[in-house]
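Protein chains in written order, with UniProt numbering: chain A, 1 to 544; chain B, 1 to 544.
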């Protein structure tokens, strides 16, 4: 066991995790003009001009008057230190919500932006606990805020029936407080971003291996609270699979959950807080399963004649217990525009379906596993394309949200949504969602391009991740709402889950009764009453 | 999808699952006199006579007068049919509790036995739902009863503050109602025993692969309600890992949980019912991950110089992602008496520590996985002994509880207990529990033989399963209670979980606050209030 503090962490709360720009994904350096090939493609297909529009200046965006009087700000400051409470315009604006396309469209619209009344930056579990007690007593809503990458409205500054709302920014919970190299576990502060966590672990020769598309900005606490799943989930599991222990602050006190790698001591209460999205408590520290930094990685790309053949091939390796570390398959539409190869998107038609595998571990493990997986994929109709397309995919894998911004800038609507189902239902669900999205947008005069990939596989089924691109209408929020509703209804109507890894937030609440039943919702409400009787925790999220 | 009814099921409720004898484990055919080698060993070590004592005749055992008047029995009969309600002596006695050593000692003691007032055998989910509604209205306690194999008091006929108590025997829920060979899932009735489930699945070329020691008698619903773990857990996972969907009847209505192989649609509510031990609802059907009957199996036994070396070797294969299907390690004491080889227990001293591996799957998978695992186990200090000791272990693996009965018959106390912890804490926890058991029994003048094995492994840790044998005192229940308390305190005091796969029942309730905290207990109580406001579901279990 060691104590290691993030060397990058400073008293300046913005140093550790700079956060994202207010009206788009990521950091300024990530934003580039639309590649010429893509501009040409969307101009041709959607008839847009392809010329970017100017965006608003951050400083001039009007916000509502903060609803917290100075005395209450001082009360919050008494808990965390006055320097860790802010009602400044910039802090409020940068905690005004997440990064769904609807969020970005709202930011780009004119008019007043919604925002929390203050942003509070606690520095410890005990401070979070004290803040919750303070806010419960005064009926101030609390929105836990990690990386702010939610694409389902999970960090909207909603106040419900509370008098005010604060964003609880957890970036100062940024320590690596315990490492057990024998067990392969590490305890990480909830506010660490993906790169910060990996950097701290690398100091011990370890890695977490959780690489969702939000990796660069999202936080350890956010991964847990939303049941995130990373691109290496076939090898390292979903984030919830990696969680050994959780520390949770609630208005009713602290929960420390998880005593052993496995237990039969009653229901596993960790599962109540994984996916609770800040509505039942605030995750302050997470003990995770980690592994040595892989000694070897084998990259391989594959071509399949069609999606059905490719999906059956993925199924064969997973069900044989021979899953690679990364295992993903693009459908014909996604393969056709090279979406998985960021450097060559739109670059000429590509036939069939592209799949990508990587196998990580010791040299011996990689050799054994890759041989077994390759034999199965080949037997199932795959043609090996060599490592380069897989390396290309890895190189560009966090870039897609920047591309979405560039598309929005030139008048193209772009959004993603995702689900999961059994292998036997995969084709039917994919067809139903594609048809629903196509009909909903075509009916508005904007026929879309709908692309799909499988990026998370299980013995019994897989995820489906859809990317939708269409010409943007004058009211793009309404345009997308119609399409999103149609897709959600198609998902629940055809046996899928309303979300495989994006979580519920505000955007999927309407489908929660379909997902867990009215009685399931009552169970969650009963837990919330016990832990958050004042109802201050992230109102308006998760529960319908 | 097909509908298949258990061909063995008949209207006679005792035909499908005959259940166990009332005062010992298993069926009469399984009971044999103590092998001469073992008799000689215990005579020598513990100074007992080695002569078996006569047991009581079932028919003559006095039971309390049933507390359910005829009108209420008729009411229960109106729900399930009068032929499926019994207040007969034999039915009541055979639902009088589980099979812990304390249970068996109670049965063998003279005097009146506790028993449920009636036994009810519902035939469908809707009948279970209606029974719960009926019993909630009249405040009749309901003890869900599967195979009756609990070793922690989980099926004790406790009535709490209710006027009466019934055993809800689920054996008629014995269908295989859905098979999806593509996804690899099957929906099984909660009352099916392990062999019944495997027989039904075998008709489709499929297998579940869940083989706990209770396999021959325990039920699908019981496995789920107690978070069981089978001997092939390294390959197929714990039972809770295998659960795709759950159907739960509660006094507040039905829950149908699990919509996809993985989801981020809020907390995974399946986890609230896995391990709920009948206190939150009655599991009526479980959809499980299954796999094709393995084409190949590779057996191998190993010798390690000592437990520490063996445990490190197990860790190396699991952390490399190369775990066999079965992976277990006996410590020096267990190896020394050949406990893992039922045909030769007590047969001469054996040095070092025995480990057993099996690898199942396709021929190609077995070849690849066995090669990788063997290389790692050899590199970590293991010596391959060939397949025979592994086959011997498999052959005798369900026989240990019968041996316990034979030992009890000759005046030897024998019981097991188990825990789990991280790899880094494994040796220290094993030493602490062994020391606590030894001191507690030695202090009573009965120095024990304490043996241990690892039978369930995870990337971050493993289980520890202890077998304790000592000369039986005049009050063996008190004798064991002292030892059990010492062991439980040592487990929680040294970082273990109070139970890895036996569950909580009555026997581990005292440690639940240590396990999940007082606030965790409050959360479970809040869920119970919502689903079971009358408090009829399995009172006195799980919750402290």
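All C-beta atoms in this analysis are idealised placements derived from N, C-alpha and C, irrespective of residue type, glycine included.
{"Asked": "With a threshold of 16 other CB atoms inside 10 Å of the CB of residue 32(B), please say whether the residue is buried or exposed.", "Found": "exposed"}
{"Asked": "Less than 9 Å separating the beta-carbons of residue 328(B) and residue 355(B)?", "Found": "yes"}
{"Asked": "Report yes or no: do three or more beta-carbon pairs, one from the segment 138 to 156 of chain B and one from the segment 260 to 267 of chain B, lie closer than 8 Å?", "Found": "no"}
{"Asked": "Do you know how far the Cα of residue 120(B) is from the Cα of residue 527(B)?", "Found": "26 Å"}
{"Asked": "Here's a check: name, in chain order, each residue in its chain whose Cβ is nearer than 7 Å to the Cβ of residue 163(B), leaving out the five neighbours to either side.", "Found": "67, 139, 140"}
{"Asked": "When you compare only the Cα positions, how much space is there between residue 175(A) and residue 92(A)?", "Found": "25 Å"}
{"Asked": "Please list the residues of the segment 243 to 264 of chain A that have a C-beta atom closer than 8 Å to any C-beta atom in chain B, keeping them in chain order.", "Found": "244, 250, 252, 253, 254, 255, 256, 257, 259, 260, 261, 262, 263, 264"}
{"Asked": "Do residue 345(B) and residue 35(B) count as a contact pair if the criterion is CB distance below 9 Å?", "Found": "yes"}
{"Asked": "Can you tell me the Cα-Cα spacing of residue 210(A) and residue 231(A), whole angstroms?", "Found": "7 Å"}
{"Asked": "Taking Cβ to Cβ, would you say residue 543(B) is nearer than 9 Å to residue 531(B)?", "Found": "no"}
{"Asked": "Skipping 5 residues on each side, what residues in its chain have a beta carbon closer than 6 Å to that of residue 221(A)?", "Found": "146, 170, 190, 283"}
{"Asked": "To the nearest angstrom, how far is the alpha carbon of residue 393(B) from that of residue 364(B)?", "Found": "25 Å"}
{"Asked": "Do you know how far the Cα of residue 397(B) is from the Cα of residue 108(B)?", "Found": "26 Å"}
{"Asked": "For a cutoff of 9 Å on Cβ pairs, would you count residue 466(B) as touching chain A?", "Found": "no"}
{"Asked": "Roughly how many angstroms separate the alpha carbons of residue 511(A) and residue 415(A), rounded to a whole number?", "Found": "19 Å"}
{"Asked": "Give me the Cα-Cα distance between residue 82(B) and residue 225(B), rounded to the nearest whole angstrom.", "Found": "28 Å"}
{"Asked": "Hey, how far is the Cα of residue 372(A) from the Cα of residue 236(A)?", "Found": "18 Å"}
{"Asked": "Would the beta-carbon of residue 473(B) fall within 9 Å of that of residue 442(B)?", "Found": "no"}
{"Asked": "With a 10 Å radius around its C-beta and 16 neighbouring C-beta atoms as the bar for buried, classify residue 88(A) as buried or exposed.", "Found": "exposed"}
{"Asked": "Using only CA atoms, which one of 104(A), 520(A), 495(A) lies nearest to residue 480(A)?", "Found": "104(A)"}
{"Asked": "Looking at the structure shown, is residue 479(A) part of a helix, part of a strand, or coil, going by DSSP?", "Found": "helix"}
{"Asked": "Measure how close the beta-carbons of residue 48(A) and residue 410(A) come, nearest whole angstrom, since I'm counting them as under 8 Å.", "Found": "6 Å"}
{"Asked": "Check whether chain B comes within 9 Å of residue 494(A), counting only Cβ atoms and requiring the distance to be less than that.", "Found": "no"}
{"Asked": "Is residue 498(A) close to chain B? Criterion is C-beta to C-beta, closer than 9 Å.", "Found": "yes"}
{"Asked": "Using a Cβ-Cβ distance cut-off of 9 Å, determine whether residue 423(B) contacts chain A.", "Found": "yes"}
{"Asked": "Look at the alpha carbon of residue 172(B) and the alpha carbon of residue 288(B), and state the distance between them as a whole number of angstroms.", "Found": "19 Å"}
{"Asked": "Give a yes or no on whether 9 Å exceeds the smallest Cβ distance from residue 280(B) to chain A.", "Found": "yes"}
{"Asked": "Who are the near neighbours of residue 136(A) in its chain, counting only those whose CB is closer than 6 Å to its CB and skipping five residues on each side?", "Found": "251, 534, 536"}
{"Asked": "Rounded to the nearest angstrom, what separates residue 134(B) and residue 64(B) at their Cα positions?", "Found": "23 Å"}
{"Asked": "Report the option in 22(B), 197(B), 485(B), 325(B) whose CA atom is closest to the CA atom of residue 366(B).", "Found": "325(B)"}
{"Asked": "With a threshold of 8 Å on Cβ separation, who are the neighbours of residue 255(B) within its own chain once the five nearest residues in sequence on each side are excluded?", "Found": "246, 247, 248, 269, 273, 281"}
{"Asked": "Measuring straight from C-alpha to C-alpha, what distance separates residue 493(A) and residue 486(A)?", "Found": "10 Å"}
{"Asked": "With a threshold of 16 other CB atoms inside 10 Å of the CB of residue 115(A), please say whether the residue is buried or exposed.", "Found": "buried"}
{"Asked": "Please identify, using Cβ separations under 8 Å, the residues of the segment 449 to 478 of chain A that lie next to chain B, in order along the chain.", "Found": "456, 458, 459, 460, 461, 462, 463"}
{"Asked": "Sorted by chain position, which residues of the same chain lie with C-beta nearer than 8 Å to residue 376(A)'s C-beta, five sequence neighbours on each side aside?", "Found": "313, 316, 317, 320, 322"}
{"Asked": "Given a threshold of 16 other Cβ atoms within 10 Å of its Cβ, counted over all protein chains shown, does residue 529(B) qualify as buried or as exposed?", "Found": "exposed"}
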